[in-house]
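Peer 1: Have a look at the structure that comes next, please.
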Amino acid sequence: MIIDMDVCSGCQSCVVACSMAKSKTFGPSKSRILIKKVESRCLGIPIVCEHCDLPPCKSACPTGAISKNHETGVVSVDPNLCTGCERCRWACPFGADTIRMIDGVATICDLCDGKPACVRVCQQGALVYMPTSKPGVEKKWERAEKRARTLTSLVIKGVA
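Positions in the sequence shown are counted from 1; adding 1340 to them yields our numbering.
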């Protein structure tokens, strides 16, 4: 998934679509995607698992609850093995909010088996899902790193 924070309006439709698709409820706290809103800058920053090639969250997990499917590229959490220690959250280079704690279990976007609900409802086109290709992957990481830098900068400045 490629995310363009410069296009995101912060409307939250992706958050609602995700919570409905995954938890059958209209609850932002049950969503696997979060929109960090910075009102003073009219900025909406989508935060979701980036499905890293070598996920630091997986290495940080003491129970082996986190795995990566190298065929699909999806990082997932086995809720039966997760103890809720949150080490995975703090290991994520994109920030703790990429891994949501839902009912005491680490929860990560699973890309809805290749048909992400959040992408289907994004009217602005800030969320795009496409098959993996070298240019697509480069674009994804470029934008992910930009979001991480922006979030870090806002935290340092005390805006976020």
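We put the beta carbon where it would ideally sit given N, CA and C, even for glycine.
If you measure between the beta carbons of Thr1438 and Glu1390, is that distance less than 8 Å?
Peer 2: Taking the sequence shown and counting its residues from 1, the one referred to as residue 1438 is at position 98. Taking the sequence shown and counting its residues from 1, the one referred to as residue 1390 is at position 50. Cβ distance < 8 Å, so Thr1438 and Glu1390 count as in contact.
Peer 1: If you drop the 5 nearest sequence neighbours on each side, which residues of the same chain put their C-beta closer than 7 Å to that of Gln1464?
Peer 2: For the purposes of this step, residue 1464 is taken as the residue at position 124 of the sequence shown. Within the same chain, Gln1464 has close Cβ partners Val1347, Cys1348, Ser1349.
Peer 1: Just the C-alpha distance for Ala1405 and Gly1444, rounded to the nearest angstrom, thanks.
Peer 2: Stepping through the sequence shown from its first residue, residue 1405 is reached at position 65. Stepping through the sequence shown from its first residue, residue 1444 is reached at position 104. Distance between the alpha carbons of Ala1405 and Gly1444 is about 14 Å.
Peer 1: Roughly how far, in whole angstroms, is the beta-carbon of Pro1456 from the beta-carbon of Met1360, given that I think they are within contact range, below 8 Å?
Peer 2: Translated into the one-based positions of the sequence shown, residue 1456 becomes position 116. Translated into the one-based positions of the sequence shown, residue 1360 becomes position 20. At roughly 13 Å, the Cβ-Cβ gap does not stay under 8 Å, so Pro1456 and Met1360 are not in contact.
Peer 1: Within this structure, are the beta carbons of Ile1373 and Cys1449 separated by less than 8 Å?
Peer 2: Here residue 1373 refers to the residue found at position 33 of the sequence shown. Here residue 1449 refers to the residue found at position 109 of the sequence shown. Contact check for Ile1373 against Cys1449 passes: the beta carbons are separated by less than 8 Å.
Peer 1: Classify Arg1487 as buried or exposed, calling it buried when 16 or more other Cβ atoms lie within 10 Å of its own Cβ.
Peer 2: By 1-based counting over the sequence shown, the position of residue 1487 is 147. Its Cβ being crowded by 16 or more others within 10 Å, Arg1487 is buried.
Peer 1: For Arg1440, does the count of other Cβ atoms within 10 angstroms reach 16, so buried, or fall short, so exposed?
Peer 2: As a position in the sequence shown, residue 1440 is number 100, starting the count at 1. Under this definition Arg1440 is a buried residue.
Peer 1: In its own chain, which residues sit with a C-beta less than 7 Å from the C-beta of Thr1423, not counting the 5 before and 5 after it?
Peer 2: For this step, residue 1423 is matched to residue 83 along the sequence shown. Answer for Thr1423: Thr1403, listed in chain order.
Peer 1: The beta strand (DSSP E) spanning Met1360 covers which residue range?
Peer 2: Position 20 of the sequence shown, counted from the start, is the residue given in the question as residue 1360. Element bounds for Met1360: not the beta strand (DSSP E) but the alpha helix (DSSP H), 1353 to 1363.
Peer 1: Going by CA-CA distance only, name the one from Arg1460, Ser1493, Tyr1469 that's closest to Gln1352.
Peer 2: Looking up residue 1352 in the sequence shown gives position 12. Nearest option by C-alpha distance: Arg1460.
Peer 1: Using DSSP with H/G/I as helix, E/B as strand and the rest coil, what is Gly1454?
Peer 2: As a working mapping, residue 1454 is identified with position 114 in the sequence shown. Helix.
Peer 1: With DSSP run on the structure shown, which of helix, strand or coil describes Ala1484?
Peer 2: Sequence index remark: in the sequence shown, residue 1484 carries index 144 (1-based). It is helical.
Peer 1: Let's test the definition: count the other Cβ atoms within 10 Å of the Cβ of Thr1447 and tell me whether it reaches 16, buried, or not, exposed.
Peer 2: Position 107 of the sequence shown, counting from 1, holds the residue named residue 1447. Here Thr1447 is buried: its Cβ has 16 or more other Cβ atoms, across all protein chains shown, within 10 Å.
Peer 1: Hey, out of Ser1416, Cys1458, Lys1370, Cys1354, whose CA is closest to Pro1292's CA?
Peer 2: Residue 1292 lies beyond the range of the chain shown here (1341 to 1500); nothing can be said about it.
Peer 1: So, for Phe1434: in the same chain, excluding its five sequence neighbours on each side, which residues have a beta-carbon less than 6 Å away from its beta-carbon?
Peer 2: Stepping through the sequence shown from its first residue, residue 1434 is reached at position 94. If we look at Phe1434 and ignore the five residues flanking it on each side, its Cβ neighbours are Glu1390, Ala1488.
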